[in-house]
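Asker: Residue numbers (my numbering), protein chains in the order written: chain P, 70 to 112; chain R, 36 to 671.
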């Protein structure tokens, strides 16, 4: 039986939130957080 | 995060921005359903509230922590972020949650390997004082949907986080669903005492059987047992892990004549949404003809009448193992769920048993793929399997491909196949969202962490040879043969090579009694494509193109007319048909103060005039009276 080809929805990249943001060169707080002024001060 | 200013109301207004991919839209709505089931947090489309969350397709997956009081608050679900657990993660940030390893006590539970972290990214591993972050007296949670994975921000493949309990190394960073502790903290933070969609869960472990009642209008009773000699040997909740405990309800059909019935009714339940999904496990050790009827007994609002409606007759129940069933209910008034066991013809040595009932106001999955003897399949030389063929509600035929050849990664793919309705269907298949769930068979639906992934058929997607990916399988598929010899065509598959890991699958209750359940839903989400809303002459864009909103207002369609939704902040807002006017609390204060001053001035004038007139009147009267007055006995 011929097996049809299969395709990955993520183009073979199995990435978590932080990998996605890292690959995009984003420099967010803790990887995926945007801070407000008070939070920034606390941080 | 500590601070009431960061809390949202229990119902959060949201906007799904036009930039979002179709699959992301459907996934976000599914994530909302998980919040509705497990917490008191609900979501509603924005209708002018001062603060709301705008979900859009930005660069990456990110959010703010807590309510920002900025009017619009953005949350990005970018490319690759359209996974249900990722959306849950980002919305937990928006609700006020930091990452789990940022807790003040995290060094008691994990070690950070600093020399393995990408240079300059060390700050991502800061943790915070308990004056900033409140752990709400909930233990450190390795399985939190908010925890980093073990290689987060690593400069290689070695772990940057090592759990003090080694068994949890592969647990951190799993993104399946809210953990028990995530739910506990969320519900404590928002003072939740109920949820919108959860109704009932019963594993029959307690003698009160969750308030279920036996009927007097039947021939036999259901019994609460922990084993039956002819089966089941154990209940489904514990599956023999606690021998002697672990109960289920059993209708002994061997002790009654053909046609005899036993009725078990749930306590009275109060619906909020008008649709329900009843899920339970059923075991047959009786006659092949024994059947289970599901009714709802609905009470009218006036409490005067009650109607009993047959919803489903479950026949041909396989014997010898627990089977999962889903029944869709549509109760709108208070109601009971009624389980009626019916003794069929033929010999019976046992009967029917039910366990792990869950009732929620959610949509049932459309199909269930029950895979038995799963651990044997994992070890078999050819580890790839196709599901039986299924039909979507629109009529598309499909199969699921389970790939166990690349362990420890478990792959799952969706294929369109040729089917009976193909001539009547639209091709390439447009905007059908496929949701595949490996069920965590934990008894209580609120504690399950099922792994779910979705993909959507994009009718414009092409492959190398220029064909449309989701075109008719008879056109773009390959010919294959069912085990019964029937020929059909199967299109190319699209899915997830690492749907979940083998380690994850072995955890929790994904495999129970060596059974795995894969729940499938294929639903039309064309209605989420706002740019394609069908309108007689104009589409949404056209209507909104000729209706400009000022001051960053957003144009929406309301009853077929373009309207503006205006921006607002904590103490200011735009208003008017096109958001052209600005208002603020300061303006209100000025208006109120000047109104008060004007009223005061007016009252003062009226008072002065009244006093003047009165005085004038009384000055004149004494002189007119004294003319003819004779004073007598004045000092008597």
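Even glycine gets a Cβ: it sits at the ideal position worked out from N, Cα and C.
These numbers were taken from a predicted model, which means no experiment stands behind them.
Under 9 Å between beta-carbons, which chain R residues line up against residue 110(P)? List them in chain order, please.
Answerer: Ordered by position in chain R, no residue passes the 9 Å Cβ test against residue 110(P), which lies about 10 Å from the chain.
Asker: Are the C-beta of residue 532(R) and some C-beta of chain P separated by less than 8 Å?
Answerer: yes
Asker: Can you tell me whether residue 577(R) is buried or exposed? The criterion is at least 16 other CB atoms within 10 Å of its CB, across all chains shown.
Answerer: Bear in mind that a pLDDT of 49 at residue 577(R), under 50, signals an unreliable position, so the model cannot answer this.
Asker: Should residue 91(R) be flagged as near chain P, meaning a C-beta pair shorter than 8 Å?
Answerer: no
Asker: What did DSSP end up calling residue 550(R) once you bin it into helix, strand or coil?
Answerer: strand
Asker: Once you ignore the five residues that flank residue 268(R) on each side, which residues in its own chain have a CB closer than 8 Å to its CB?
Answerer: Only residues of its own chain outside the window of five on either side were considered, and among them 262 and 275 have a CB closer than 8 Å to the CB of residue 268(R), listed in chain order.
Asker: Take residue 52(R) and list the residues in its own chain whose beta-carbon comes closer than 8 Å to its own, dropping the five residues that flank it on each side.
Answerer: Excluding positions up to five away in sequence, the list reads 89, 90, 91 and 92.
Asker: Under 8 Å, Cβ to Cβ, is there at least one residue of chain P near residue 563(R)?
Answerer: no
Asker: Give me the residue from 240(R), 47(R) and 210(R) with the minimum Cα distance to residue 122(R).
Answerer: If we check each option's Cα against that of residue 122(R), 210(R) comes out closest.
Asker: Among the residues of its own chain, which have a CB less than 6 Å from the CB of residue 159(R), if the five just before and after it don't count?
Answerer: 188
Asker: Just how far apart, CA to CA, sit residue 221(R) and residue 132(R)?
Answerer: 9 Å
Asker: Check whether the Cβ of residue 177(R) lies closer than 8 Å to any Cβ atom in chain P.
Answerer: No, no contact with chain P.
Asker: With C-beta atoms as the reference, is residue 480(R) less than 8 Å away from residue 535(R)?
Answerer: no
Asker: Kindly indicate which three-state DSSP category residue 519(R) falls into: helix, strand or coil?
Answerer: Three-state result, residue 519(R): coil.
Asker: Name the residue from 232(R), 218(R) and 233(R) whose alpha carbon lies nearest to the alpha carbon of residue 226(R).
Answerer: Closest by alpha carbon: 218(R).
Asker: Closer than 8 Å, CB to CB, is residue 54(R) near chain P or not?
Answerer: no
Asker: Residue 379(R) to residue 237(R), Cα distance in whole Å?
Answerer: 27 Å
Asker: Let's see if you can read the secondary structure: which residues bound the beta strand (DSSP E) around residue 394(R)?
Answerer: 387-395
Asker: Which same chain residues, not among the five before or five after residue 572(R), have their C-beta less than 8 Å away from its C-beta?
Answerer: Note on residue 572(R): pLDDT 35, under 50, position unreliable in the model; the coordinate value appears next. Excluding positions up to five away in sequence, the list is empty.
Asker: Is there a Cβ from chain P that is less than 8 Å from the Cβ of residue 500(R)?
Answerer: No, because no Cβ of chain P sits closer than 8 Å to the Cβ of residue 500(R).
Asker: Cutting at 6 Å between CB atoms, please list the residues of its own chain near residue 248(R), excluding the five before and the five after it.
Answerer: 300
Asker: If we cut at 8 Å on Cβ distances, does residue 106(P) have a partner in chain R?
Answerer: no
Asker: Give the interface partners of residue 49(R) over in chain P, defined as CB-CB distance under 9 Å, in chain order.
Answerer: Ordered by position in chain P, no residue passes the 9 Å Cβ test against residue 49(R), which lies about 17 Å from the chain.
Asker: Measure the C-alpha to C-alpha separation of residue 440(R) and residue 556(R) and round it to an integer number of angstroms.
Answerer: Each residue's Cα considered, the two are about 25 Å apart.
Asker: Nearest CA to the CA of residue 456(R): which residue from 609(R), 118(R), 628(R) and 426(R)?
Answerer: Relative to the Cα of residue 456(R), the nearest Cα in the group 609(R), 118(R), 628(R) and 426(R) belongs to 426(R).
Asker: With 16 other CB atoms within 10 Å as the buried threshold, where does residue 625(R) fall?
Answerer: It counts as exposed.
Asker: Using a Cβ distance threshold of 8 Å, determine whether the region 362-382 of chain R contacts the region 517-528 of chain R, with at least three qualifying pairs required.
Answerer: no
Asker: How close, in whole Å, do the beta carbons of residue 97(P) and residue 97(R) come, if the pair is a contact with beta carbons under 8 Å?
Answerer: 5 Å
Asker: Across the region 194-214 of chain R and the region 363-377 of chain R, are there enough close Cβ pairs to call them in contact, namely three or more that are closer than 8 Å?
Answerer: no
Asker: Mind pulling the chain P residues with CB within less than 8 Å of residue 45(R)?
Answerer: What residue 45(R) touches in chain P: nothing, since even the nearest Cβ is about 22 Å away.
Asker: What does residue 527(R) reach in chain P if we use C-beta pairs closer than 9 Å?
Answerer: 73, 74, 75 and 76
Asker: Taking 7 Å as the cut-off, does the CB of residue 619(R) come closer than this to any heavy atom belonging to the ligand NAD?
Answerer: Looking at this structure, you won't find the ligand NAD or any other ligand, since it has none at all.
Asker: Along the alpha helix (DSSP H) that carries residue 108(P), what are the first and last residues, could you check?
Answerer: Counting along the chain, the alpha helix (DSSP H) containing residue 108(P) begins and ends at 106-111.
Asker: For residue 110(P) and residue 527(R), I'd like the C-alpha separation in whole angstroms.
Answerer: As the crow flies, the alpha-carbon of residue 110(P) is around 52 Å from that of residue 527(R).
Asker: Taking Cβ positions, are residue 139(R) and residue 164(R) nearer each other than 8 Å?
Answerer: Cβ distance < 8 Å, so residue 139(R) and residue 164(R) count as in contact.
Asker: Which first and last residues belong to the beta strand (DSSP E) in which residue 450(R) is found?
Answerer: 444-452
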